[in-house]
Every structure is written in C-alpha cells, then in structure tokens.
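Undergrad: I have a structure I would like to understand better, so I am pasting it below and will then ask my questions one at a time.
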C-alpha cells in the first residue's frame, strides 16, 4: 500500500528565504507526482506535475524534483513571499487515483 | 460557468439523517473523485468513478454511497450520518485517474 509522508508538518520563515518542502513515498511504481497548494477554507490548486520519466519541473519561483529510486520529491520555493503562505500537499499518481500526503503548512512572515 | 462546483458549501445535519452532497463538472472529464479531509489524515479517497455507471471504492468508503448516471454529476450520499463523518468533502475531476485533477471548493459537513 502506497504511503506518502511530508516533512515538516509546519514551517514558518521570514520573507525572502529560499525553502524546501519534502515528500517521500513508499512504492516507487508511480505514474507521476503532483504538488498542490491549498489556501485556508479553499480547494486545492495544482502547482506542478512531474511525470515518472522526468526529474524535475519548474514554474516561476517553484521547482519540483523527483527521485523515484529513493522515493522522494522536493518542492523548492525561491525568494518566498507572504502570499506563498498556504498548505502544500504532494500526491503520488497511480493507474487510476492519487494518494495524498498530509501536507506542510507554510507561513511566510514579512 | 466552466469548472467544478459543489453544493451545498456548508451543511449541518443530525446523526442518523441521510445527506447528499452534489458535485458537477463542465469539462466532460471521465474521472471524478470524492475525498474527505480531516486534521491529521490529509485527503483520503472515498469513492471514484472512471466513467458514467462505473464506480469504485477508495480508502474510506464505509457509510457512503455514490452514483454516476451522467458524466458531469457525481453525488455522494451519507445514508445514515454519524459524527465521525463530520469533515470537509472535496470533489475532483480529471481526464484520467492518476493524472491532473481539478478540485471543487469543498463542502463543510457537520453532523451533530
């Protein structure tokens, strides 16, 4: 059974810092890995999707990497801003569904 | 409007009552999903559907019933609500199961 873990559970950083969020999974037989953002009281917004054949994806200040062999993914956020404050979830894609981690709650303070 | 909508957004009900949460998407995505989100558990899959008239259980299906007679709708019914079903429920859709999913705004359900 696939299990997805995210560390840390919460993170508080000053504005401008570069930061890394971690995601690990137990079964390397995945189709893709996705990172989502969730604002309080809202649904999830997809940030990045890395296919199993890829090593990384970039969008603006966000860079996600994938190492299937070690069962790990990282989300790198450059020059963090208060508007980045949210919960970030990773999800591993199988043949017909996603398995989610419990998320990292990020607070970026001015 | 294009997208995925859920109704109601907020619902309070009593233990033992039947409750139906609605989900509607306008993209004609073949896959639709129901998740619940609870503190400490993240998002857990309740049921999913690969196409109209095809549904399958997820991680936590007990106490829930789904149907999908039309591609665009995927209602979730709690046949006899229990306090443990107090949660935020998210519906999602996608063109394939394990690929990009688009989420609705959620329904906050409280069972008293």
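Chains as they are written, first to last, in this note's numbering: chain X, 265 to 374; chain R, 165 to 276.
Where a beta carbon is used, it is the ideal one built from N, C-alpha and C, also for glycine.
Bear in mind that the values here come from a model prediction, so they are computed numbers and not experimental data.
Ends of the beta strand (DSSP E) at residue 340 (chain X)?
TA: Here the beta strand (DSSP E) through residue 340 (chain X) covers 336 to 341.
Undergrad: Buried or exposed: where does residue 221 (chain R) fall if 16 or more other Cβ atoms within 10 Å of its Cβ makes it buried?
TA: Exposed is the call here.
Undergrad: Below 8 Å on the Cβ atoms is my contact criterion, and I expect residue 348 (chain X) with residue 341 (chain X) to pass it. Report the Cβ-Cβ distance as a whole number of Å.
TA: Indeed, because the Cβ distance is near 6 Å, the residues count as touching under 8 Å.
Undergrad: Is the Cβ of residue 263 (chain R) closer than 8 Å to any Cβ of chain X?
TA: Closer than 8 Å: yes.
Undergrad: From the beta carbon of residue 205 (chain R), is the nearest beta carbon of chain X less than 8 Å away?
TA: Yes, residue 205 (chain R) lies at the interface with chain X (some Cβ there is under 8 Å from its Cβ).
Undergrad: Figure out for me which residue from X:326, X:361, X:302 and X:275 has the closest Cα to the Cα of residue 237 (chain X).
TA: Lying before the first or after the last residue shown, residue 237 (chain X) is absent from chain X, which here runs from 265 to 374.
Undergrad: With a Cβ-Cβ cutoff of 8 Å, do residue 337 (chain X) and residue 275 (chain X) count as a contact?
TA: Contact flag unset, no.
Undergrad: Go ahead and label residue 247 (chain R) buried or exposed: buried means 16 or more other beta carbons lie within 10 angstroms of its beta carbon, across all protein chains shown.
TA: Under this definition residue 247 (chain R) is an exposed residue.
Undergrad: Find the residues of chain X that neighbour residue 225 (chain R), judging by a C-beta separation of less than 9 Å, and give them in chain order.
TA: By Cβ distance, chain X contributes nothing, its closest Cβ being about 13 Å from residue 225 (chain R), past 9 Å.
Undergrad: How is the beta strand (DSSP E) around residue 206 (chain R) delimited, first residue to last?
TA: Start and end: 206 to 215.
Undergrad: Under 7 Å, CB to CB, which of the residues in the region 166 to 179 of chain R have a partner in chain X?
TA: Residues passing the 7 Å Cβ filter: none.
Undergrad: What residues in the region 211 to 224 of chain R have a beta carbon less than 9 Å from any beta carbon of chain X?
TA: Under the 9 Å Cβ criterion, the region 211 to 224 of chain R contributes 212, 214, 220, 222 and 223.
Undergrad: Against chain X, does residue 239 (chain R) count as a neighbour if the rule is that its beta carbon must be under 8 Å from one of theirs?
TA: False, the Cβ-Cβ gap to chain X never drops below 8 Å.
Undergrad: Could you list which residues in chain C have their beta carbon closer than 7 Å to that of residue 313 (chain X), in chain order?
TA: Among the protein chains in the structure shown, which are X and R, there is no chain C.
Undergrad: Comparing the C-beta of residue 332 (chain X) with each C-beta of chain R, is any distance below 8 Å?
TA: Answer no: the Cβ-Cβ gap between residue 332 (chain X) and chain R never drops below 8 Å.
Undergrad: Under three-state DSSP, which class holds residue 291 (chain X)?
TA: It is coil, neither helix nor strand.
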